[in-house]
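Novice:
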Amino acid sequence: MTGIAQRAKRVSPSLTLEITAKAKKMKAEGKPVISFGAGEPDFNTPEYIVKAAEHALEEGMTKYTPASGTDALKQAIALKFKKDNTLEYDSKCIVVSNGAKHALYNAFSALVNPGEEVIIPAPFWLTYPELVKLCDGVPVYVHTKAENGFKMTADELKSALTNKTKAVLINNPCNPTGAVYTRAELESLAKVLENTDVYIISDEIYEKLTYTDGEYYSIAQYSENIKDRTVVVNGVSKTYSMTGWRIGYTASNAEVAKAISSIQSHTTSNPNSIAQYAAQEAYLHSEGESFLESMRKTFDERRKLMAEKLAEIKGVDFIYPEGAFYVMVHIKNLLGKTSEGGAELNSAYNVATALLGEKMVAAIPCESFGAPEYLRLSYAISKEDIAEGLKRFKEFAETAKR
Ligand SMILES: Cc1ncc(COP(=O)(O)O)c(C=O)c1O
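For my numbering, add 10 to where a residue sits in the sequence shown, where the first one is 1.
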């Protein structure tokens, strides 16, 4: 019995990494690459958070903490839920992990038995199906429609439910579509799930990056019954520009939290003690609000510029994003054409490769996001780069010929 486990073989390699690695290499060679590939805010972590980490070091907070995180951080997170989402969680319902990705993996590990299904609305963040497969579960895709703003409807959800459905994944705001569900839309999904025993994994990592009117609504707010079966996933990575610090968390019922904590205690133990203290201060310090608002405003301005410039490009379409920092660009009209440089544009991956090679613009092809006719463009870059990058993209798209 030799070789790699079936579980590991089921995980797909990432196409996006190839493009971003190539773009990085070209940049390092001094080429004027503009990358729309970023998956993280381009801001520094605010100074007050860095100072908090320095303080933690000076105070010797350098030892193991409880596996599920320090009580002080869990209380700060519980306060955040109360303030932002009117959700009450006891600290024993919160588990702090090494980023939201790890929190998601823990949640699937705690809930999914072999062969059980997890419903994932497509387009999706490419990691979800891989995590489900790693837990021996089966991803079931609901192909959402552009005319519905890429949001799963109650009818679509109803038709995807089977007696093997263990959980439904909701990512709001959504990476890669930028879609934000309204309260009414989430209520209609909650109604479908109310009299079932299906869990909801609600990934709310982009919660603070919405540009529409109206308060952010978490599906866990719908009723006690729905809250009890919802695992909310969130973290500081995108909110406070802390991607490298690796702090994310789940909030769930106490039984699920206990299972998650137990898994974590044997796999990674506690998340980094210094980062935990910094995350606690990120939430509690009064400077947090003003940082959030200024980052959100900057992203909103860039979002509008993206939309304005993309609208000027003939032959491509896009969905106006309402949250996160991505735009999905529909490139169906480019497929089947030949680029000015002679590349055959037969797939989003080919388009992205040719765009990088010929115009030094990096974009993410969305085959692995369940959207093979789209590119994902991130606006976590400066306005100058957005303008220059989309100028080059326009030349590329408008000179391609059939
Ligand atoms: C939708 C979504 N969820 C979770 C994560 C992971 O966040 P973290 O860096 O905290 O692991 C990302 C990161 O790109 C994301 O886009």
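In this text, a Cβ means the ideal position worked out from N, Cα and C, and glycines have one as well.
Just so it is clear, the structure is predicted and the values come from calculations on it, not from any experiment.
(1) Within 7 angstroms: the Cβ of N185 and any heavy atom of ligand 1?
(2) With G258 as the anchor, note down where its beta strand (DSSP E) starts and where it stops.
(3) What's the C-alpha gap between C184 and Y221?
(4) For the beta strand (DSSP E) containing D213, name the first residue and the last one.
(5) A132: which of F403, A88 and V178 sits nearest, CA to CA?
(6) Buried or exposed: where does T206 fall if 16 or more other Cβ atoms within 10 Å of its Cβ makes it buried?
(7) Taking 7 angstroms as the cut-off, does the CB of D213 come closer than this to any heavy atom belonging to ligand 3?
(8) I want to know whether the segment 15 to 24 touches the segment 359 to 370 - three or more CB-CB distances under 8 angstroms.
(9) Pick from R239, L345, I273 and Y293: whose alpha carbon is nearest that of N88?
(10) So the candidates are H153, D327 and I210; which of them puts its Cα closest to the Cα of D165?
(11) Report, in whole angstroms, the separation of the C-beta atoms of K393 and L315, which I expect to be a contact under 8 angstroms.
(12) In chain order, what residues of the same chain lie with their CB nearer than 8 angstroms to the CB of N282, ignoring the 5 residues before and after it?
(13) Is N181 close to ligand 1? I mean its beta-carbon at under 7 angstroms from any heavy atom of the ligand.
(14) Return the CA-CA distance between L302 and H65, expressed in angstroms with no decimal places.
(15) Can you check which of these residues, Y58, T240 and Y384, is closest to C103 by C-alpha distance?
(16) Report the CB separation of K342 from R412 in whole angstroms; it is logged as a contact under 8 angstroms.
(17) If I measure Cβ to Cβ from S251 and keep anything under 6 angstroms in the same chain, skipping five residues before and after, which residues do I get?
(18) Taking the alpha-carbon positions, what's the F328 to A285 distance?
(19) Using a threshold of 7 angstroms, is the CB atom of T253 nearer than that to any non-hydrogen atom of ligand 1?
(20) Do you know offhand how far L171's Cα is from F335's?
(21) Given that a residue counts as buried once 16 or more other Cβ atoms are within 10 Å of its Cβ, and exposed if not, what is R17?
(22) Is K110 close to ligand 1? I mean its beta-carbon at under 7 angstroms from any heavy atom of the ligand.
(23) Do L97 and A434 have their beta-carbon atoms positioned less than 8 angstroms apart in this structure?
(24) Give the straight-line distance between the Cα atoms of T137 and T187, rounded to the nearest whole angstrom.
(25) Report the rounded CA-to-CA distance for V266 versus I273, giving the unit in angstroms.
Specialist: A quick look at the data gives this:
(1) yes
(2) G258 to A261
(3) 13 angstroms
(4) Y209 to D213
(5) V178
(6) exposed
(7) For ligand 3, the structure offers nothing, since it holds only ligand 1.
(8) The count of Cβ pairs closer than 8 angstroms, one atom from the segment 15 to 24 and one from the segment 359 to 370, stays below three, leaving the stretches out of contact.
(9) The sequence shown places Ala at residue 88, rather than the Asn named in the question. The residue with the shortest Cα to Cα distance from A88 is Y293.
(10) Cα-wise, what sits closest to D165 is H153.
(11) 6 angstroms
(12) N108, W255, R256 and I257
(13) yes
(14) 22 angstroms
(15) T240
(16) That pair is no contact at about 13 angstroms.
(17) P51, F53 and T55
(18) 38 angstroms
(19) Indeed, a heavy atom of ligand 1 lies less than 7 angstroms from the Cβ.
(20) 31 angstroms
(21) exposed
(22) Looking at the sequence provided, one finds Ala at residue 110 rather than Lys. Yes.
(23) Beyond the ends of the chain as shown, which are 11 and 412, falls residue 434; an answer cannot be given.
(24) 15 angstroms
(25) Each residue's Cα considered, the two are about 11 angstroms apart.
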